[in-house]
Every structure is written in C-alpha cells, then in structure tokens.
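Enquirer: In the order they appear, the protein sequences are chains A and B. With UniProt numbering applied, the first sequence corresponds to residues 1 to 199, in that order. With UniProt numbering applied, the second sequence corresponds to residues 1 to 292, in that order. Even glycine gets a Cβ: it sits at the ideal position worked out from N, Cα and C. All figures in this text were calculated on a predicted structure; none of them were measured in a lab. Take a look at this one; I'll ask things after.
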Amino acid sequence: EIRTIVRDLEQSAREILTQIQTVHQSDGIKCVQEICNGITPLFGNIQKGMQILAGKIPDSQYYRYSDQWRFLIQRLAFLAAFLTYLQTESVISMQDVATLIGVKVLREEGFHIDLEDYLMGLLQLASELSRLAVNAVTAGDYGRPMRIAKFVGELDSGFRLLNLKNDSLRKRFDGLKYDLKKVEEVVYDLTIRGLKPAE
Amino acid sequence: MADRKKRYRNDKSDHKQDRETKQDDVDESSPVIQMFRTFQKILDEKHDKHERIVKLSRDITIESKRAIFLLHRFKNVNDSEDIIQQTETKLLDLERSKFKDVAMELQGTDPYQFLRAYSPGLQEYIEALSFFVYLKDNTIIPLKDVQARLTFKTDCQTVNKDDSEGSTDETIQTIQVFVPPSEYILGLADLTGEMMRRAINSVGDGDLNRPFEICAVLQEVELAYSKLTHSNREVNRKLTVLRQSLRKVESACYTLKVRGSEIPKHMLVDVISKSNAYASADFLDECVVEDD
C-alpha cells in the first residue's frame, strides 16, 4: 500500500525533475524565472501526496517503513533545494524544504524529514550545480560559475564541520570535493582566458 | 581555494587538532555555517546514542551466551535446582542493568529508530530466556511476558513550571525496550538450535526419551515457521538452520529407535554424531546415510 503511494509521488517528482533540468539548456539559463514559476504549482501535488502518505503511517512507526520513502524524500529535498537556488541563489533551510514538500521537521510533529535526507538532497544539489556551471559557460553566462563556486564552497565548508559515519551520506559527501574541484576548474578556465566578468 | 584543499588533507591526522583548526578558518558569521553547526550537534548526538546502545547490546549478547552455557548443564528439575536459580539471577541482573540502560536511552525515541542497534543482543537474550523457561516450565514463553520483563518503572522528578516556589512532582514513568514480534520470532528460532543440542546431549546423559519429546516440539515449530517465509528474509535464514537442527534430531531418534538396543549406551552418542555429520553434508538429499 505504502509502495503504491510512494510510486505515485516518485512520478510527480520525476515531472518536476525533467522540468527543472531544462535550465541546463542554452535557452533555459536565460528564462530561469519562468521555469521556477512553472514548477511551483507542481509542488502542490507533492504536498497532497505527502498528506496521503502521512495518513497511512501510525504515529510510532515512521522508522519501521522509512526505507520505502527514503530515496523519494532525498530526491524531493534536492528538487526543493534546486528550486530555491534558482530563485534566490541561497541554501534552502530544512524548514523550507519541509514546507515545500508538505512534511514536518521534528518527529514529534508527525511525518517528518530526517536531517540525513535533507543533507543528501544538498549534496545532490552540489552535483547538479557543477553540471550547471559547465552548461552556463556554454550558454554564454560567465558570471554564474563564479557564484556557483562560492555557493558550493560554502556547502563544502559546512559539510566538513560534520562528523559523519561511514554510511551513504559519507560516501556522497566524499563526492562533494570532486564537484567542487570541477567548478573551480571552470572558474580557472574562465579567469586565465580573461573571460571573468567585471565585479 | 588551494588552502582549503591543503587543510582537507591535514584533517586526516589528529582529530582534536582537526576541530580546532576548523574553528579558526571557518567564517562563523555565515548563516550556512551556523546552520551546519547545529546539524553537527544533532548528528553527533544521534551517532553517540546509537553507539551506546550497540555497546550495551554486545554486553547483553555475551551475558546471554553465558546463561545458555549454564543452562546446558541442566539435567532435570529435581537434580539441578541451583542451575535454575543461578540462571534466574543472571537474567534478572541483565534486565535490571543493561536492558534498563537501553530503555533509558530509548526513552522519547521512535521504537523502530534504534532497533538495529540492539537487535542482536535482544535476540540472544530471547534465546536464553526462552530456553530457561522451557527447561523450568516446559512451555514456550509468550511475547507479552518477554515484553513485560523488559518494561521498567522509573521515578522521575519533574519541576512544576507553573508553581512559583519551584516544587517538584514525582511521577512514575514506564519505559521499555520495545520487542517487535519479528524480533521475538527470530529469537525463538535460535532457541531451536539449543534444543537440538539438548536432545543430542540427553543421549549422553542417559535420558533416551527426551530426544523424542524435543523432536515433536521442533516439528511443530518448523511447520509454524514455514508459514512465515514470505514476510521476512531473516526468517528464511533461520528456517534453514532450523531444518538442519530438526534433521539432526530426527536422525538421532531414528538411530535410537532402530539400533538403540544393539549399541551400548556409551557409544550411542558417537554413532549419532557420525550419522549427523553425514546428514549435514548431504543436506539436500532425502535419505540419511547410516554409519556402520
């Protein structure tokens, strides 16, 4: 039963993903605002779906079934973070992710998002942004990679404050330094060719 | 940017030095950093709690195994009263100390969140406890009795916030180590292994009836567990072991029945062990190879 609901939500998440990834295209990077506006209503479906899911889980059994929706929640956290980045170029807070997806933050409040899932979403965002940096240059936007470098650098500093266990989060975090390296290479390429835009 | 990379490589050296260097170089005023500092605290607390429960679970496993060794020396209710007494004490101590500590750790958390941390200890304990109850009362302990043994009352003093004098209220809270039915079932499956050992050992002790009793019990249990195979992967694993145990006991009963009168008592155990060795090797075969 839970699996059916999760599958529906994954479908909705896929729709958001395909739309939001159009920013990687050359014309996409110019109409970021429009893309964001198109996506925001889609999150409404997510919220409704989450309500249904939350209704199926009795109070003290969240962790009994949590493996069923872990991947989904991580994906949704990533999408929410990506959307917020495109709109405001800032790091989305856990509270905002929760509101956007339609869940709570603390276990006591009900069906909630785990801190680890939110962090996974942020790491997925870093990978996506390293890809965006490359495509931004191709599309002619030379300023964005600079800002992405600062953004991802901040994420990296933040993550390095954490003491992680050897779990999937740790493995994903290890990938973060390669994402950061990629973005810094883009910045380097632009700088030495004098393509860096004036501050 | 290059400095940050250098710092990362140095992080691998000394842990404490790590945290101090990080604090100096990091921009504390950044909201992102502040956010991550909170995350650090939350994650550390969760990991530490998990580790504490795992340590307790390991201690529980060791004590339970010792209890089981003790119980294997039990002959029958008349001769071995002190073994029963010792085991009772051991189990009670275990409950009052380690399990109570686990219950304290688990207070206020979702029952399933840390289950994997204490699951091994819990299953070993259920194995020991159910073996104890079986030897003492010749019954299988029901789940609610197991849960009752792992439920504790604590005196908890809470300060009355409304009262200006700051008086305290004494409330009795009930905390417990949650035993999900799945853990109970898995623990009981381990019990069958011990019963198999007891059946074989009985022959050495001279009690030639007990293997047949135990055989009957194991057959019932095997039928019951066969119905559960679709729910849980671990049940399947335990069921495989259970079937091996059952085969050993059945083959021992066969040997007793057919050749019990021919072979001198002190050799019976050897004969049974040898035929069991064959049985384990040809696990997939239907027929048991007899040793001569």
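Residue 210(A) and residue 20(A) look like a contact to me (Cβ under 8 angstroms); what is the Cβ gap, rounded to whole Å?
Expert: Chain A is shown from 1 up to 199; residue 210(A) falls before or after that span and cannot be answered.
Enquirer: Tell me which residue opens and which closes the alpha helix (DSSP H) that residue 194(A) is part of.
Expert: For the purposes of this step, residue 194(A) is taken as residue 194 along the first sequence, with counting starting at 1. Note, residue 194(A): premise wrong, no alpha helix (DSSP H); not H, not E.
Enquirer: Residue 176(B) bridges to which residues according to DSSP?
Expert: Residue mapping note: residue 176(B) aligns to position 176 of the second sequence, counting from 1. Partner(s): 151(B).
Enquirer: Would you call residue 179(A) buried or exposed, if buried means 16 or more other Cβ atoms sit within 10 Å of its Cβ?
Expert: Taking the first residue of the first sequence as position 1, residue 179(A) is located at position 179. Under this definition residue 179(A) is a buried residue.
Enquirer: Using beta-carbon positions only, say whether residue 275(B) and residue 251(B) come within less than 8 angstroms of one another.
Expert: As a first step, residue 275(B) is located in the second sequence; it is residue number 275 there, counting from the start. As a first step, residue 251(B) is located in the second sequence; it is residue number 251 there, counting from the start. A contact, by the Cβ cut-off of 8 angstroms.
Enquirer: Give the DSSP bridge partners of residue 104(A), in chain order.
Expert: Position 104 of the first sequence, counted from the first residue, corresponds to residue 104(A). 112(A), per the DSSP bridge assignment.
Enquirer: Given this structure, state the Cα-to-Cα distance separating residue 61(A) from residue 111(B), to the nearest angstrom.
Expert: Here the question's residue 61(A) lines up with position 61 in the first sequence. Here the question's residue 111(B) lines up with position 111 in the second sequence. C-alpha separation (whole angstroms): 7 angstroms.
Enquirer: So the candidates are 54(B), 129(B), 70(B); which of them puts its Cα closest to the Cα of residue 103(B)?
Expert: Residue 103(B) sits at position 103 when you count from the first residue of the second sequence. The residue with the shortest Cα to Cα distance from residue 103(B) is 54(B).
Enquirer: Which residues in the same chain as residue 211(B) place their Cβ atom closer than 8 angstroms to its Cβ, once the five residues preceding and following it in sequence are excluded?
Expert: Residue 211(B) sits at position 211 when you count from the first residue of the second sequence. Closer than 8 angstroms at Cβ, skipping near neighbours: 199, 200, 202, 203, 249, 252, 253, 256.
Enquirer: Can you tell me whether residue 34(A) is buried or exposed, with buried defined as 16 or more other CB within 10 angstroms of its CB?
Expert: Here residue 34(A) corresponds to residue number 34 of the first sequence, with the count starting at 1. It counts as exposed.
Enquirer: Could you check the C-alpha separation between residue 32(B) and residue 191(A) for me, to the nearest Å?
Expert: Stepping through the second sequence from its first residue, residue 32(B) is reached at position 32. Stepping through the first sequence from its first residue, residue 191(A) is reached at position 191. Using only the alpha carbons, I get a separation of about 27 angstroms.
Enquirer: Count the other CB atoms, across all protein chains shown, that sit within 10 Å of the CB of residue 258(B); report buried if there are 16 or more and exposed otherwise.
Expert: Numbered from its first residue, the second sequence carries residue 258(B) at position 258. It is exposed - the Cβ of residue 258(B) has fewer than 16 other Cβ atoms within 10 Å.
Enquirer: Please decide whether residue 154(A) counts as near chain B, where near means a Cβ-Cβ distance under 8 angstroms.
Expert: As a working mapping, residue 154(A) is identified with position 154 in the first sequence. Chain B, which has a Cβ nearer than 8 angstroms to the Cβ of residue 154(A), makes this yes.
Enquirer: Measure the beta-carbon distance from residue 172(B) to residue 153(B) and round it to whole angstroms, keeping in mind my assumption that it falls under 8 angstroms.
Expert: Numbered from 1 along the second sequence, position 172 holds the residue referred to as residue 172(B). Numbered from 1 along the second sequence, position 153 holds the residue referred to as residue 153(B). 5 angstroms between Cβ atoms; contact.
Enquirer: Hey, quick one: how far does the alpha helix (DSSP H) through residue 28(A) stretch, first residue to last?
Expert: Here residue 28(A) corresponds to residue number 28 of the first sequence, with the count starting at 1. Unbroken run through residue 28(A): none, as it is neither H nor E.
Enquirer: Can you tell me which of the three DSSP states residue 230(B) falls into?
Expert: In the second sequence, the residue the question calls residue 230(B) occupies position 230. Coil.
Enquirer: List the endpoints of the continuous alpha helix (DSSP H) containing residue 133(B).
Expert: As a working note, residue 133(B) is residue 133 in the second sequence. Segment 115 to 137, the alpha helix (DSSP H) holding residue 133(B).
Enquirer: According to the neighbour-count rule (16 or more other Cβ atoms, all chains shown, within 10 Å of its Cβ), is residue 41(B) buried or exposed?
Expert: Locating residue 41(B) in the second sequence gives position 41, where the first residue counts as 1. The residue is exposed, with fewer than 16 neighbouring Cβ atoms inside 10 Å.
Enquirer: Enumerate in chain order the residues of its own chain whose CB-to-CB distance from residue 158(A) is below 6 angstroms, with the five nearest sequence positions on each side excluded.
Expert: By 1-based counting over the first sequence, the position of residue 158(A) is 158. Counting only Cβ-Cβ distances below 6 angstroms, and skipping sequence neighbours, we find nothing.
Enquirer: If we count the other Cβ atoms within 10 Å of its Cβ and call it buried at 16 or more, is residue 166(B) buried or exposed?
Expert: Reading the second sequence from its first residue, position 166 is the one you call residue 166(B). For residue 166(B), the pLDDT reaches just 48, beneath the cut-off of 50, and the residue's location in the model is therefore unreliable, leaving the point undetermined.
Enquirer: My output table needs one value for residue 11(A): the three-state DSSP class, helix, strand or coil.
Expert: Here the question's residue 11(A) lines up with position 11 in the first sequence. Three-state result, residue 11(A): helix.
Enquirer: Consider the Cβ of residue 36(B): report whether some Cβ of chain A lies at a distance smaller than 8 angstroms.
Expert: As a position in the second sequence, residue 36(B) is number 36, starting the count at 1. Taking Cβ atoms only, chain A reaches closer than 8 angstroms to residue 36(B), which makes this a yes.
Enquirer: Got a sec: which bits of the region 101 to 123 of chain B sit with their beta carbon under 7 angstroms from any beta carbon on chain A, in order along the chain?
Expert: Hits within the stretch, in order: 110, 111, 112, 113.
Enquirer: Can you look up residue 213(B) in the DSSP assignment and give me helix, strand or coil?
Expert: Position 213 of the second sequence holds residue 213(B). It is helical.
Enquirer: What three-state label does DSSP hand residue 73(A) in the structure shown?
Expert: For the purposes of this step, residue 73(A) is taken as the residue at position 73 of the first sequence. Residue 73(A): helix per DSSP, three-state reduction.
Enquirer: Rounded to whole angstroms, what's the CA-CA distance from residue 106(A) to residue 101(B)? Just pull it up for me.
Expert: One-based indexing of the first sequence puts residue 106(A) at position 106. One-based indexing of the second sequence puts residue 101(B) at position 101. Near 25 angstroms, if we compare the C-alpha coordinates of residue 101(B) and residue 106(A).
Enquirer: Let's see if you can read the secondary structure: which residues bound the alpha helix (DSSP H) around residue 57(A)?
Expert: What you label residue 57(A) is simply residue 57 of the first sequence in a count that begins at 1. Run containing residue 57(A): none; DSSP gives neither H nor E here.
Enquirer: Along chain A, in chain order, which residues have C-beta atoms closer than 8 angstroms to that of residue 293(B)?
Expert: As displayed, chain B neither begins before 1 nor continues past 292, which places residue 293(B) out of reach and without an answer.
Enquirer: Would you please state the rounded distance, in angstroms, between the beta carbons of residue 36(A) and residue 83(A)? I believe it to be under 8 angstroms.
Expert: Looking up residue 36(A) in the first sequence gives position 36. Looking up residue 83(A) in the first sequence gives position 83. Indeed they touch by this definition, with Cβ atoms about 6 angstroms apart.
Enquirer: Quick check on the DSSP output: the alpha helix (DSSP H) that includes residue 83(B) runs from which residue to which?
Expert: Along the second sequence, one-based indexing puts residue 83(B) at 83. Element bounds for residue 83(B): 81 to 94.
Enquirer: Between 102(A), 73(A), 130(A), which has its C-alpha nearest residue 119(A)'s C-alpha?
Expert: Your numbering for residue 119(A) matches position 119 in the first sequence. Checking every option, the nearest Cα to that of residue 119(A) belongs to 73(A).
Enquirer: Please confirm whether residue 23(A) has its beta-carbon closer than 8 angstroms to some beta-carbon of chain B.
Expert: The residue you call residue 23(A) lines up with position 23 of the first sequence. Not an interface residue.
Enquirer: Distance check for residue 56(A) and residue 109(A), CA to CA, integer angstroms please.
Expert: Translated into the one-based positions of the first sequence, residue 109(A) becomes position 109. Translated into the one-based positions of the first sequence, residue 56(A) becomes position 56. For residue 109(A) and residue 56(A), the distance between alpha carbons rounds to 15 angstroms.
Enquirer: Is residue 18(A) buried or exposed, if buried means 16 or more other CB atoms sit within 10 Å of its CB?
Expert: Taking the first residue of the first sequence as 1, we reach residue 18(A) at position 18. It counts as exposed.
Enquirer: Can you check whether the C-beta of residue 33(B) is within less than 8 angstroms of a C-beta belonging to chain A?
Expert: Position 33 of the second sequence holds residue 33(B). At least one chain A Cβ lies under 8 angstroms of residue 33(B).
Enquirer: Could you have a look at residue 43(A) and say whether DSSP puts it in helix, strand or coil?
Expert: Taking the first sequence and counting its residues from 1, one reaches residue 43(A) at position 43. Three-state DSSP puts residue 43(A) in a helix.
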